[in-house]
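Asks: After the structure tokens below, expect a handful of questions from me.
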Amino acid sequence: MFKDISEVKSALAAQQYIATDEIATVVYLAQKLQKPLLVEGPAGVGKTELAKAWAGAAKQELIRLQCYEGLDETKALYEWEYAKQMLYTQLLRDKLHDLLSDSKTLAEAADKLADEEDVFFSKRFLLPRPLLRAIVSETPTHLLIDEIDRADAEFEAFLLEVLSDFQISVPELGTIKAQHLPVVILTSNNTRELSEALKRRCLYLYIDYPTAEAELRIVKLKVPDLSPQLAKQAVELVQRLRKLDLKKHPSVSETIDWARALVMLNSKSLDQKTLENTLTVLLKHEHDVMRAQRLLSEFTIGDEKEEGEDDDDDDTVPPLPRRSSPKR
Amino acid sequence: MEDRIVEFVNGLRAAGVRISLAESADAFRATEHIGIIDRGMFRAALRATLVKDSVDVPTFERLFPLYFGSGGPPMFDPNQELSSDDINKLKDAVRDLLGDDDRLQQLLRYLLEGANPTREEMERLANQAGVPLARHPYQQQWLTRRMLRQLGLDEEFQELMAQLFQKLEQMGMSREAMQRLAQIAEENLQRLEEQFEQYVGMQIAQNAAKQPRERQTFRGPDLMNRSFSSLNEREIAELRNQIRRLASRLRSRAALRQRRGKRGALDSKRTIRANLRHASIPIELKHRRRHLKPKLVLICDISTSVRAVVEFMLRLVYELQDQIHSARSFVFIDDIRDVSAEFAQHRPEIAVQKVLDDNPPGYYNTNLGYALTHFCKEHLGTVDHRTTVIILGDGRNNYASPRLDSFQEIKKRARKVVWFNPENRRQWGTGDSDMLVYEPLCDSVHIVGKLAELAEAIDHLFESR
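For the protein sequence lines, the chains are A and B, in the order given. Quick note: the first sequence, position 51, residue 51 per this note's numbering, numbers continuous. Quick note: the second sequence, position 158, residue 158 per this note's numbering, numbers continuous.
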């Protein structure tokens, strides 16, 4: 349990996750109000990473449920382990024989067998999937439901039920109630409208691409080997690419990959050749790469021009400021 | 403070954000934990509890400073900067220049002495400027300017300032002091404007919240159910933004159908393998999967009457590329033209725009019959037994021959011929419509007057068989 927001922030930072004030506040709130947290944002801004860092900071196990089209209860909740049941039946055949041998009629034998039914439908043969695991866990856990927007609406409705009271009924066993309420984090890439009901139950956090400053801090943290100068240039370039109309914008994780690539290639500066060689780390569509290359030829030239202008400005006396800050 | 949050929630609702009772209760609980000292955290707390859709974030960001703003930066007090001698000179000069013009005195008091306008003064100015009637955010700037004008800030004021400075110079104020004073006046003018702007914005939001909620801002589902012909430019633009969303919804349904479609024959090899662990008792059955992605040929009428539908249709189909084996597109007004190349080169939204721009609507004679004949002559090779041919148009032929022979020929080769018609069934067969003649020859006919219907019709294409 975090005591205040700054503690959240430092704890996440210790997990190598740089949280903005907003993220830290919402994480703190989610924990205080014991509500699921729905995190939205473009792909690769660190939604899943936040969940991992949070669980790491709280020193709790992270149980992850990756959603996909056609995900159903047997994959999310539990499944009976047929094979194991079968194996046990085979191995216990003698024992069963002993048990049933003294019964005279078929009905009697069947009754006897029915009495032993519980053996075969016990927790022993229950294969817990992520949701059930989070519920039956002895220790408090974090449950990450990743990319909920990819699952179908029916699954979402089912999830709603689980999230509202954290209990599950298994017909053969009865109702299982959570010993500890897990911390629930849902992520969504917003490819599909989620239901109002689900949203209502969650706190909402929208993570956008970070500002240049924040991204630079992230790169420096994750790729400390990259020279500060180069890191700055790289981040600036990525920020520019995000302003373009591309099929897929480079994400933070791709920036990090790219920074690592630059380190690997031992690049000293972002010259044309390095860019051409490594651009595919950032951009994953042929069309985007072509567009970016067109921009880059302008980028390198434009950069020099800007610097030149700066120099000029320093020499001449600036005109009387129209609006000066009061402290000056 | 609690009242303020309630007002804020009302303001958000008035601006079209859906907030349930439970959510506003959450907001209160959240503020209990967070407190209101740190404004950034307070904002984050309200945002996390009240706004659940990224579309609504800008509304929140717009309204938050209005309700929980500082009311604008306070005026800057020149007393700290200027010597008391200069201040006295300034006061004298102002008195000499204005005599007893109250209004301007007031303005100069704000600008040069750093007085902050009181609540009452603000209210009075706002009433004069007509703020109580305003209900739309875009009126904010205009009303702010009106309030400043009420205060006497107009062209003459510039002159007055020039005179004032002349006077000060005569009185022997130093150049630096005068320059500083001018800066202060400029700065204070900005701040005054900001104060007014916030005040006006807040009032507008409150006015809007008081209004009975007649019309919600547009939301997807409503637009989807409006007929294309009744949409205006703005609404069409809105729909364009939603098309990608819609496409991904259709895509997931199509993909799901592929997955669930266990209509294939029993796959004995996979069944045996899967059931080895059950001592070869066939508990899990495995079926042969059928991956039948549709192959499409689209023939689209792009005369004025059906343009909007065509645009959405083409965009949807090409956004769904990955669920389609292949798609060839043809457009016609009087003659048919292959536009597949455009889609191969550009992204769907650009390609659609290009196709429509290249074929401007005009006084062509729409002639489907001729287009079909030409299609048979030139492009019949694109149709085979796996192809679904979709004709999108209103079937209005300008009294030319419908050329059913060409239509039959296409139908013979194709797996299915589907017709999408944006017109109501009632209108078929009226005037130059040949729809009733074509209809019996089609495998199915869909009416696609609204986006919802179009989406459904496209969804049908993915049903196997």
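Ideal Cβ placement from N, Cα and C applies to all residues, glycine included. Since this is a predicted model, take the numbers as computed values, not measurements.
(1) So with CB distances below 8 Å, who are the chain A contacts of residue 33/B?
(2) Could you tell me which chain B residues have their CB closer than 8 Å to the CB of residue 199/A, listed as they occur along the chain?
(3) Which residues, in chain order, does the segment 252-285 of chain A contribute to contact with chain B at a C-beta distance below 7 Å?
(4) Got a sec: does the ligand SAM put a non-hydrogen atom nearer than 6 Å to the Cβ of residue 256/A?
(5) Of the choices 60/A, 127/A, 106/A, whose alpha-carbon is the least far from that of residue 84/A?
(6) Look at the alpha carbon of residue 422/B and the alpha carbon of residue 12/B, and state the distance between them as a whole number of angstroms.
(7) With distance defined between alpha-carbon atoms, name the residue in 213/A, 125/A, 199/A nearest to residue 170/A.
(8) From residue 349/B to residue 88/A, what does the alpha carbon distance come to, in whole angstroms?
(9) Can you find a CB in chain B that lies within less than 7 Å of the CB of residue 206/A?
(10) With distance defined between alpha-carbon atoms, name the residue in 276/B, 339/B, 356/B, 114/B nearest to residue 186/B.
(11) Three or more C-beta pairs closer than 8 Å, one from the segment 133-153 of chain A and one from the segment 175-184 of chain A: is that the case here?
(12) Contact criterion: CB-CB distance below 7 Å. Does residue 20/B meet it with respect to chain A?
(13) Grab the span of the beta strand (DSSP E) containing residue 327/B for me, first residue to last.
(14) Can you check whether the C-beta of residue 224/B is within less than 7 Å of a C-beta belonging to chain A?
(15) Check the C-beta distance from residue 232/A over to residue 216/A and give it rounded, since I have them as a contact under 8 Å.
(16) Which of the residues in the segment 266-279 of chain B, read from start to end, lie with their CB under 9 Å from any CB of chain A?
(17) Please classify residue 67/A: does DSSP put it in a helix, a strand, or coil?
(18) Just to confirm the assignment, what range does the beta strand (DSSP E) spanning residue 174/A have?
(19) Is the Cβ-Cβ distance between residue 393/B and residue 306/B less than 7 Å?
(20) Apart from the five residues on each side of it in sequence, which residues of its chain come closer than 6 Å, Cβ to Cβ, to residue 133/A?
(21) Should residue 203/A be flagged as near chain B, meaning a C-beta pair shorter than 7 Å?
(22) Measure the alpha-carbon distance for residue 191/A versus residue 43/A and round it to whole angstroms.
(23) If you measure from the beta carbon of residue 466/B to each beta carbon in chain A, is any gap under 7 Å?
(24) Among 60/B, 407/B, 240/B, 180/B, which residue has its Cα nearest to the Cα of residue 474/B?
(25) What in chain A is Cβ-close to residue 30/B, meaning under 7 Å?
(26) Report, in whole angstroms, the separation of the C-beta atoms of residue 200/B and residue 118/B, which I expect to be a contact under 8 Å.
(27) Compare the C-beta of residue 178/B against all C-beta atoms of chain A and say whether one is closer than 7 Å.
(28) How would you list, in chain order, the residues of chain B whose beta-carbon sits under 8 Å from the beta-carbon of residue 40/A?
(29) Could you have a look at residue 147/A and say whether DSSP puts it in helix, strand or coil?
(30) Taking residue 173/B as the reference, give the member of 238/B, 386/B, 83/B with the closest Cα.
(31) Strictly below 9 Å CB to CB, what residues from chain B border residue 86/A?
(32) Does any residue of chain A bring its CB to less than 7 Å from the CB of residue 41/B?
(33) Return helix, strand or coil for residue 377/B, following the three-state DSSP convention.
(34) With 7 Å set as the bound, which would you pick, yes or no: does the beta-carbon of residue 247/B sit closer than that to a beta-carbon of chain A?
(35) Please list the partners that residue 57/B has in chain A, where partner means a Cβ-to-Cβ separation under 7 Å.
(36) For residue 466/B and residue 75/A, I'd like the C-alpha separation in whole angstroms.
Replies: Looking at the coordinates:
(1) Per Cβ cutoff of 8 Å: 28, 29, 32, 33.
(2) In chain order, 52, 53 make up the part of chain B whose C-beta sits under 8 Å from the C-beta of residue 199/A.
(3) Cβ contacts with chain B come from no residue of the segment 252-285 of chain A.
(4) As for the ligand SAM, it is missing from this structure, which has no ligand bound.
(5) Of the candidates 60/A, 127/A, 106/A, the residue whose Cα lies closest to the Cα of residue 84/A is 127/A.
(6) Residue 422/B and residue 12/B have their C-alpha atoms roughly 37 Å apart.
(7) Considering only alpha carbons, the answer is 125/A.
(8) Straight-line Cα distance between these residues: approximately 60 Å.
(9) With 7 Å as the cut-off, residue 206/A counts as an interface residue toward chain B.
(10) Residue 114/B holds the alpha-carbon nearest to the alpha-carbon of residue 186/B among 276/B, 339/B, 356/B, 114/B.
(11) As far as the Cβ criterion goes, the segment 133-153 of chain A touches the segment 175-184 of chain A, which means the pair count is three or higher.
(12) For residue 20/B, the answer is yes, since a Cβ of chain A falls inside 7 Å of its Cβ.
(13) From DSSP, the beta strand (DSSP E) with residue 327/B extends over 326-332.
(14) No, its Cβ sits nowhere closer than 7 Å to a Cβ of chain A.
(15) Indeed, because the Cβ distance is near 6 Å, the residues count as touching under 8 Å.
(16) Of all residues in the segment 266-279 of chain B, those with a C-beta nearer than 9 Å to a C-beta of chain A are 277, 278, 279, reading in chain order.
(17) In the structure shown, residue 67/A sits in coil (DSSP, three-state: anything other than H, G, I, E or B).
(18) Run containing residue 174/A: 174-177, per the beta strand (DSSP E) assignment.
(19) Going by C-beta atoms, residue 393/B is nearer than 7 Å to residue 306/B.
(20) The answer, listed in chain order, is 63.
(21) Residue-level contact by beta carbon holds for residue 203/A and chain B, with a gap shorter than 7 Å.
(22) Approximately 10 Å between the Cα atoms of the pair.
(23) Any property of residue 466/B remains undetermined from this structure, which presents chain B solely from 1 to 465.
(24) In the structure as shown, chain B begins at 1 and stops at 465. Residue 474/B is therefore absent and cannot be evaluated.
(25) Those are 29, 33, listed as they occur along chain A.
(26) Not a contact, Cβ separation roughly 16 Å.
(27) No, residue 178/B does not count as interfacial toward chain A.
(28) Result: 54.
(29) Correct three-state label for residue 147/A: coil.
(30) By alpha-carbon distance to residue 173/B, the top candidate from 238/B, 386/B, 83/B is 83/B.
(31) Result: 277, 278, 279, 281, 283.
(32) True, the Cβ-Cβ gap to chain A drops below 7 Å.
(33) The DSSP-derived three-state label of residue 377/B is helix.
(34) Any Cβ of chain A closer than 7 Å to the Cβ of residue 247/B would place that residue at the interface, and such an atom is absent.
(35) Within 7 Å Cβ-Cβ: 206.
(36) Outside the shown range of chain B (1 to 465) lies residue 466/B, about which nothing can therefore be said.
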